[in-house]
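Read the structure below first, then the notes.
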Amino acid sequence: MRQAGRYLPEYRRLREKAGDFLKLCFTPELAAEATLQPVRRFGFDAAILFSDILVIPYALGQSVQFTGGEGPQLEAIADRGGLARLKAKLDHRVLAPIYDAIKLSKADLPQGVALLGFCGAPWTVASYMIAGSGTAAQEPARRFAYEDPDGFAELIERLIDASASYLLRQFEAGVDAVQIFDTWAGVLPAEQLRRWCIDPTRRIVAQVRRELPGAKIIGFPRGAGTALVTYVQDVAVDAIGLDWTVDPIFARELQSRLPVQGNLDPFVLLVGGAALDRAVDLTLAAFSERPFIFNLGHGILPQTPVAHVERMLARVRAR
Ligand code: CP3
């Protein structure tokens with residue numbers, strides 16, 4: 003997941019060589035190299051494409067920059083006028099190097115190792131487009147949605163179309179499944195979550211499957227809590243990613259309907275030791291009876307020692 007590479011020295015070297023983060027994303031050989039690094043080191047069962055959810059605003063013509071350590075900086079869309087500056091359609095020529103990175107990665111992955119593509123869900127992507135940067139709880143986008151729901155709906159519509167066509171191109175280029183990251187689902191009240199997260203994601207999934215029946219799609223609405231039930235029902239994803247706050251007692255009910263992925267606390271992986279062992283055991287005990295993808299409940303923290311990842315994997319694989 004996000005920032006995944008930063009705990010690896012080989013990623014930090016590659017990042018330095020590329021200089022600019024977007025250059026890393028848009029240079030197929032370098033992006034493929036970053037995609038493959040964790041698989042080479044740890045022998046994972048799947049790789050996730052190295053890219054970012056913010057390549058979509060970039061390909062819609064918004065200025066996007068990642069300057070040293072401050073997170074993303076976008077030219078904020080303050081109001082409806084800002085929407086007019088975006089391109090009407092996603093520019094796939096801009097995204098072509100990403101499709102090439104998928105082809106290169108796929109060709110170099112060992113047989114049987116899945117390649118995951120991804121995009122951000124419209125709500126999460128819109129929240130960065132509007133704020134222009136990361137914020138504590140996405141207040142600028144929430145304000146926009148409350149004050150001008152029609153204008154906000156227009157942005158979400160554009161992102162639904164852009165995301166569906168982007169995911170379809172990723173499948174064409176060779177990904178085995180895709181994940182839709184709704185990192186900021188958890189800041190919305192139920193009705194807003196249905197309107198801005200669940201319904202738009204449902205439409206992306208439907209649009210993708212209309213062209214590509216059977217396309218495998220994983221949803222990750224972080225912080226959705228009990229709304230995960232509606233999300234799973236309405237979006238009709240093939241698997242659901244659980245953040246680390248989701249109680250396995252609640253999630254086992256979901257797992258009777260579809261495979262779940264998660265949900266080790268990334269912070270316990272950083273802490274390590276007996277606490278990590280215990281958390282791994284609890285996760286496995288909770289979920290391993292039914293279809294389950296062992297994973298973290300969100301992206302790995304950059305300060306995580308590699309030795310802790312090794313320890314976690316040894317414990318999971320010993321089962
Ligand atoms: O695991 C991977 O490395 C796969 C690639 C990936 C990245 N971003 C690379 C990245 C993926 C799947 C993402 C998704 C992403 N990007 C999300 C959704 C998932 C999540 O974790 O919540 C979001 C919200 C973003 C937007 C984004 N990109 C932010 C907020 C930041 C700054 C993070 C920070 O703490 O500084 C990024 C930067 C980013 N994306 C990095 C990486 C490896 C770090 C940039 C660097 O190397 O300098």
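Here my numbering is used: the first residue of the sequence shown is 3, the next is one more, and so on. Beta carbons are placed, not taken as given, at the ideal position from N, Cα and C, and that holds for glycine.
Next item on the list: Examine the Cβ distances between the stretch 46-58 and the stretch 24-31 and report whether three or more of them are shorter than 8 angstroms.
Entry: Taking a cut-off of 8 angstroms on C-beta distances, the stretch 46-58 touches the stretch 24-31, as three or more cross pairs fall below it.
Checklist line | Gly225 versus Leu272 - alpha carbon distance | finding: In the sequence shown, the residue the question calls residue 225 occupies position 223. In the sequence shown, the residue the question calls residue 272 occupies position 270. When rounded, the distance between both Cα atoms is 21 angstroms.
Note to self: According to DSSP, simplified to helix, strand and coil, what is Phe52?
What the structure shows: Numbered from 1 along the sequence shown, position 50 holds the residue referred to as residue 52. Judged by DSSP in its simplified three-state form, Phe52 adopts coil rather than helix or strand.
Next item on the list: Taking Asp2 as part of the beta strand (DSSP E), name the residues at either end of that continuous run.
Entry: Residue 2 cannot be examined here, being either before or after the span of the chain that is shown, 3 to 321.
Check: Is any heavy atom of the ligand CP3 found at a distance shorter than 7 angstroms from the C-beta of Arg17?
Finding: Stepping through the sequence shown from its first residue, residue 17 is reached at position 15. Arg17: yes, Cβ under 7 angstroms from the ligand CP3.
Check: Skipping 5 residues on each side, what residues in its chain have a beta carbon closer than 8 angstroms to that of Leu266?
Finding: Looking up residue 266 in the sequence shown gives position 264. Trp246, Ala281, Val282, Thr285, Phe296, Asn297, Leu298, Gly299, Met314.
Check: Quick one: Cα of Val2 to Cα of Arg8, how far?
Finding: Lying outside 3 to 321, the shown extent of the chain, residue 2 is not represented and no answer is given.
Margin query: Pairs of beta-carbons, one from the stretch 252-259 and one from the stretch 189-202, closer than 8 angstroms: are there three or more?
Written below: Result no; under three Cβ-Cβ pairs closer than 8 angstroms.
Note to self: Rounding to the nearest angstrom, what Cα-Cα distance links Glu77 and Ser107 in this structure?
What the structure shows: In the sequence shown, counting from the first residue as 1, residue 77 sits at position 75. In the sequence shown, counting from the first residue as 1, residue 107 sits at position 105. Between Glu77 and Ser107, the C-alpha separation is close to 31 angstroms.
Check: Is the Cβ-Cβ distance between Ala48 and Thr37 less than 8 angstroms?
Finding: The residue labelled residue 48 in the question sits at position 46 within the sequence shown. The residue labelled residue 37 in the question sits at position 35 within the sequence shown. Contact flag unset, no.
Notebook entry, point to check: Which one of Ala277, Leu260, Pro261, Gln39 has the shortest CA to CA distance from Pro268?
Noted result: The residue given as residue 268 occupies position 266 in the sequence shown. Scanning Ala277, Leu260, Pro261, Gln39 for the CA closest to the CA of Pro268 turns up Ala277.
Notebook entry, point to check: the ligand CP3 heavy atoms versus the CB of Arg212: any closer than 7 angstroms?
Noted result: Residue 212 sits at position 210 when you count from the first residue of the sequence shown. Every heavy atom of the ligand CP3 is 7 angstroms or more from the Cβ of Arg212, so no.
Checklist line | Spatial distance of Ile16 from Phe44 (CA atoms) | finding: As a working note, residue 16 is residue 14 in the sequence shown. As a working note, residue 44 is residue 42 in the sequence shown. This sequence places Leu at residue 16; Ile is not what is there. Rounded to the nearest angstrom, the two C-alpha atoms are 18 angstroms apart.
Next item on the list: For Leu62, name the three-state secondary structure that DSSP assigns.
Entry: Translated into positions along the sequence shown, residue 62 becomes position 60. Coil at Leu62, not helix or strand.
Check: In its own chain, which residues sit with a C-beta less than 6 angstroms from the C-beta of Leu88, not counting the 5 before and 5 after it?
Finding: Walking along the sequence shown from the start, residue 88 turns up at place 86. Closer than 6 angstroms at Cβ, skipping near neighbours: Leu62, Gly63.
Margin query: According to DSSP, simplified to helix, strand and coil, what is Val262?
Written below: Walking along the sequence shown from the start, residue 262 turns up at place 260. Strand.
Check: Within 10 angstroms of its Cβ, does Thr185 collect 16 or more other Cβ (buried), or is it exposed?
Finding: What you label residue 185 is simply residue 183 of the sequence shown in a count that begins at 1. So Thr185 ends up on the buried side.
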